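Visitor: Right, I'll just put the structure down here and ask away after.
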Amino acid sequence: MKITIIIILTIFLFAIDGYSQDKELYNKATKLARDKKIDFAFSYLDMVVNIYPKSRFFENSLFSCGEYYFISGDRYSAKNIFKKFIALLPESKAKPFALAYLLKIAELDKKQDIVDNLQKEIISFKQVSLVFRDFKEYSYLSALNKEYKIVYFIDSVEIYIDGNLFEKIPF
């Protein structure tokens, strides 16, 4: 009986320690990102994704890994990460921004059929009613300290990164 209790306590302590380690890695990453040390921030975020897939920081870390690859010019890895992100986290508030990155990659790769499908998916992401409003917007702050905003208008959708227009989709 004592051995069972010791084993359970040991497992519990390792679980708590593991939780604090993922939080520590994530916090280091966000601090490095604020200090504009993106390469180092990515290393910590990648560790969270690969070592702690059940972490509460997994979603933001995975998105930011895709973001890092895109910023670095590695469209292939960015595309794979964002596809994985959407598959694993279809209800994430960062999903339209992952779709926007995939859209930009498809545009750069000149894949018009994929562009058309992604535009439709972004447009229909949120059921938006603009009663008594001209627009509706949603925002997201990534672990790499980038501010995302999507604005739904009556006739278009605009996606901004750090206040700069990233993509405009008319409909």
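Add 351 to the 1-based position in the sequence shown for this note's numbering, that's all there is to it.
Where a beta carbon is used, it is the ideal one built from N, C-alpha and C, also for glycine.
None of these values were measured; they are calculated from a predicted model.
1) Exposed or buried, which one is K434 when buried takes at least 16 other CB atoms within 10 Å?
2) Looking at the secondary structure, which residues open and close the alpha helix (DSSP H) in which L495 lies?
3) For Q463, does the count of other Cβ atoms within 10 angstroms reach 16, so buried, or fall short, so exposed?
4) Along the chain, where does the alpha helix (DSSP H) containing S415 start, and where does it finish?
5) Apart from the five residues just before and just after I510, which ones in its own chain have a Cβ nearer than 6 Å to its Cβ?
6) Would F448 and C416 be called neighbours here (beta carbons separated by less than 8 Å)?
7) Taking DSSP's pairing of strands, which residues face N468 in a bridge?
8) Quick one: what does DSSP say F433 is sitting in, helix, strand or coil?
9) Using three-state DSSP, classify S428 as helix, strand or coil.
10) Just tell me which of A445, I389, V399, V400 has its CA closest to the CA of Y419.
11) State the DSSP-derived secondary structure class of E488, mapped to helix, strand or coil.
12) How about A384 and N496: are their beta carbons less than 8 Å apart?
13) Would a check of beta-carbon distances place N401 closer than 8 Å to chain B?
14) From I474 to G424, what distance separates their C-alpha atoms?
15) Can you tell me which of the three DSSP states L360 falls into?
16) Compute the Euclidean distance between the alpha carbons of D513 and Y491, then round it to the nearest angstrom.
17) Name the two residues that bound the continuous beta strand (DSSP E) containing I505.
Guide: In brief:
1) The residue labelled residue 434 in the question sits at position 83 within the sequence shown. Under a 10 Å Cβ-count criterion, K434 is classified as exposed, with fewer than 16 other Cβ atoms of the shown protein chains found around its own Cβ.
2) Indexing the sequence shown from 1 puts residue 495 at position 144. In this chain, L495 is not harboured by any alpha helix (DSSP H), its DSSP state being neither H nor E.
3) The residue you call residue 463 lines up with position 112 of the sequence shown. Exposed: under 16 other Cβ atoms inside 10 Å.
4) The residue given as residue 415 occupies position 64 in the sequence shown. Counted as a single uninterrupted DSSP element, the alpha helix (DSSP H) harbouring S415 occupies residues 409-422.
5) As a position in the sequence shown, residue 510 is number 159, starting the count at 1. Excluding sequence neighbours, I510 sits near A451, I501, F517, E518.
6) Locating residue 448 in the sequence shown gives position 97, where the first residue counts as 1. Locating residue 416 in the sequence shown gives position 65, where the first residue counts as 1. Their beta carbons are not under 8 Å apart, which means F448 does not touch C416 by this criterion.
7) For the purposes of this step, residue 468 is identified with residue 117 of the sequence shown, where counting begins at 1. Note: N468 is not bridge-paired with any residue in the DSSP secondary-structure output.
8) Taking the sequence shown and counting its residues from 1, one reaches residue 433 at position 82. In the three-state reduction of the DSSP assignment, F433 falls in the helix class, which pools H, G and I.
9) Position 77 of the sequence shown holds residue 428. Helix.
10) Residue 419 sits at position 68 when you count from the first residue of the sequence shown. The shortest Cα separation from Y419 among A445, I389, V399, V400 belongs to I389.
11) Mapped onto the sequence shown, residue 488 falls at position 137. If DSSP states are grouped into helix, strand and coil, E488 belongs with the strands.
12) For the purposes of this step, residue 384 is taken as the residue at position 33 of the sequence shown. For the purposes of this step, residue 496 is taken as the residue at position 145 of the sequence shown. Contact flag set, yes.
13) Checking the listed chains, one finds no chain B in this structure; it contains a single protein chain.
14) Here residue 474 refers to the residue found at position 123 when the sequence shown is read from its first residue. Here residue 424 refers to the residue found at position 73 when the sequence shown is read from its first residue. Between I474 and G424, the C-alpha separation is close to 26 Å.
15) As a first step, residue 360 must be located in the sequence shown, where it is residue number 9. Reliability fails at L360, whose pLDDT of 47 lies under 50, so the model's placement of it is uncertain and no value is given.
16) As a first step, residue 513 is located in the sequence shown; it is residue number 162 there, counting from the start. As a first step, residue 491 is located in the sequence shown; it is residue number 140 there, counting from the start. So the alpha carbons of these two residues sit roughly 10 Å apart.
17) Taking the first residue of the sequence shown as position 1, residue 505 is located at position 154. Run containing I505: none; DSSP gives neither H nor E here.
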